[in-house]
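A.B. asks: Add 249 to the 1-based position in the sequence shown for this note's numbering, that's all there is to it. Take this structure, written in structure tokens, and hold onto it; I'll ask about it next.
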Amino acid sequence: MPRAIISPSVLASDFGQLSAECKRMIKGGAEWLHMDVMDGHFVPNITMGAPILTCVSKGVPGIFMDCHMMVAQPEKWVNDIADAGGALYCFHIEATNDPIALIHFIHERKMKAGVAISPDTPSSGITDEVGELADMLLVMTVYPGRGGQKFLDRCVPKVSELRTRFPEKDIEVDGGVGPKTIDVCADAGSNVIVAGTAIFGAAEPEKVISLLKSTVDTAQARIAAARR
Ligand code: DX5
Ligand code: ZN
Numbered sequence: 250m251p252r253a254i255i256s257p258s259v260l261a262s263d264f265g266q267l268s269a270e271c272k273r274m275i276k277g278g279a280e281w282l283h284m285d286v287m288d289g290h291f292v293p294n295i296t297m298g299a300p301i302l303t304c305v306s307k308g309v310p311g312i313f314m315d316c317h318m319m320v321a322q323p324e325k326w327v328n329d330i331a332d333a334g335g336a337l338y339c340f341h342i343e344a345t346n347d348p349i350a351l352i353h354f355i356h357e358r359k360m361k362a363g364v365a366i367s368p369d370t371p372s373s374g375i376t377d378e379v380g381e382l383a384d385m386l387l388v389m390t391v392y393p394g395r396g397g398q399k400f401l402d403r404c405v406p407k408v409s410e411l412r413t414r415f416p417e418k419d420i421e422v423d424g425g426v427g428p429k430t431i432d433v434c435a436d437a438g439s440n441v442i443v444a445g446t447a448i449f450g451a452a453e454p455e456k457v458i459s460l461l462k463s464t465v466d467t468a469q470a471r472i473a474a475a476r477r
């Protein structure tokens, strides 16, 4: 049964104190940190790249960096992100013609491979072959590019569809997720939860982390029982 993993998005953090912000989240119960890498091509904004991730992995020993690569040429950055200490390399299916080769490359560099789909990409964009080979599937619940957007309910059925096809896989949701929207995500079968604004904007982030986590674990137990 896939377990709940909370991955706060540092996009909503104080970038001037990035390492300290990551430590604060780990102390608050976060297992992963979601690092949004934007290149100004795949999405209009630019955030950070491998040099900054290198500093964070040095400053926060043992950190699990869940790298969300919103970049036009995902194959181009695999080596740099691996050298920077990235643990998971999640690329967008819309940005590549050869996802299978890319997943193999990511695995060769000893990272987990994630495959993301934007709101307008159907779940069938992730073929059975790609889904089986990947370690994680990411269903975007906002258009990639910036934090603080409104959750798009219409993306939720894609989570259910992927959960049916891949019962044991990590399935992540990202965008507008927080205490108000976690129920539908958890019920649909998502177990890796990204939240930026909802966690970093909270007075007590540890309480939000723990609520998101317990909601997912409860839903996963229910889904597993229903399958039996
Ligand atoms: C959007 C990013 C998200 C974003 C989530 O392009 O991929 O990770 O930071 O932020 P919130 O939770 O504020 O929607
Ligand atoms: Zn993201």
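Ideal Cβ placement from N, Cα and C applies to all residues, glycine included.
1. Cβ of valine 364 within 7 angstroms of Cβ of isoleucine 355?
2. Leaving aside the five residues before and after methionine 319 along the sequence, list all residues of the same chain whose C-beta is less than 6 angstroms from its C-beta, in chain order.
3. Using three-state DSSP, classify lysine 421 as helix, strand or coil.
4. Taking Cβ to Cβ, would you say glycine 424 is nearer than 7 angstroms to threonine 390?
5. Can you tell me whether serine 258 sits near the ligand DX5, meaning its C-beta is under 6 angstroms from at least one heavy atom of the ligand?
6. Between glycine 397 and the ligand DX5, is there a pair consisting of the residue's CB and a ligand heavy atom that are separated by less than 6 angstroms?
7. Give the list of continuous alpha helix (DSSP H) stretches no shorter than 4 residues that lie fully inside the segment 279-329.
8. When every heavy atom of the ligand ZN is checked, does at least one fall within less than 6 angstroms of the C-beta of aspartate 347?
9. For the ligand ZN, I want to know if aspartate 285 counts as a neighbour, meaning its beta carbon is within less than 6 angstroms of at least one of the ligand's heavy atoms.
10. What do you get for asparagine 440, buried or exposed, if any count of 16 or more other CB atoms within 10 angstroms of its CB means buried?
11. What are the boundary residues of the beta strand (DSSP E) that leucine 460 is part of?
12. Would you report the Cα separation of proline 310 and glutamine 266, rounded to the nearest angstrom?
13. Can you tell me whether histidine 341 sits near the ligand ZN, meaning its C-beta is under 6 angstroms from at least one heavy atom of the ligand?
C.D. replies: The answer reads as follows:
1. In the sequence shown, counting from the first residue as 1, residue 364 sits at position 115. In the sequence shown, counting from the first residue as 1, residue 355 sits at position 106. In this structure, valine 364 lies away from isoleucine 355, with their beta-carbon atoms at least 7 angstroms apart.
2. For the purposes of this step, residue 319 is identified with residue 70 of the sequence shown, where counting begins at 1. Same-chain partners within the cutoff: Met287, Phe291, Val292, Pro393.
3. Within the sequence shown, residue 421 is the residue found at index 172, counting from 1. Note that residue 421 is glutamate in the sequence shown, not lysine. Glutamate 421 carries a strand assignment under DSSP once its states are collapsed to helix, strand and coil.
4. As a working note, residue 424 is residue 175 in the sequence shown. As a working note, residue 390 is residue 141 in the sequence shown. In this structure, threonine 390 lies closer than 7 angstroms to glycine 424 by Cβ.
5. In the sequence shown, residue 258 corresponds to position 9, counting from 1. Serine 258: yes, Cβ under 6 angstroms from the ligand DX5.
6. For this step, residue 397 is matched to residue 148 along the sequence shown. In this structure, the ligand DX5 has a non-hydrogen atom nearer than 6 angstroms to the beta-carbon of glycine 397.
7. Here the runs fully enclosed are 299-308.
8. Here residue 347 refers to the residue found at position 98 when the sequence shown is read from its first residue. No, the beta carbon of aspartate 347 sits no closer than 6 angstroms to any heavy atom of the ligand ZN.
9. As a position in the sequence shown, residue 285 is number 36, starting the count at 1. Yes, the Cβ of aspartate 285 comes within 6 angstroms of a heavy atom of the ligand ZN.
10. Position 191 of the sequence shown, counted from the first residue, corresponds to residue 440. Asparagine 440 should be labelled buried.
11. Residue 460 sits at position 211 when you count from the first residue of the sequence shown. That residue, leucine 460, is in no beta strand (DSSP E); its alpha helix (DSSP H) goes 454-476.
12. For the purposes of this step, residue 310 is taken as residue 61 along the sequence shown, with counting starting at 1. For the purposes of this step, residue 266 is taken as residue 17 along the sequence shown, with counting starting at 1. Rounded to whole angstroms, the separation of the alpha carbons of glutamine 266 and proline 310 is 16 angstroms.
13. Here residue 341 refers to the residue found at position 92 of the sequence shown. Answer for histidine 341: no, Cβ out of range of the ligand ZN.
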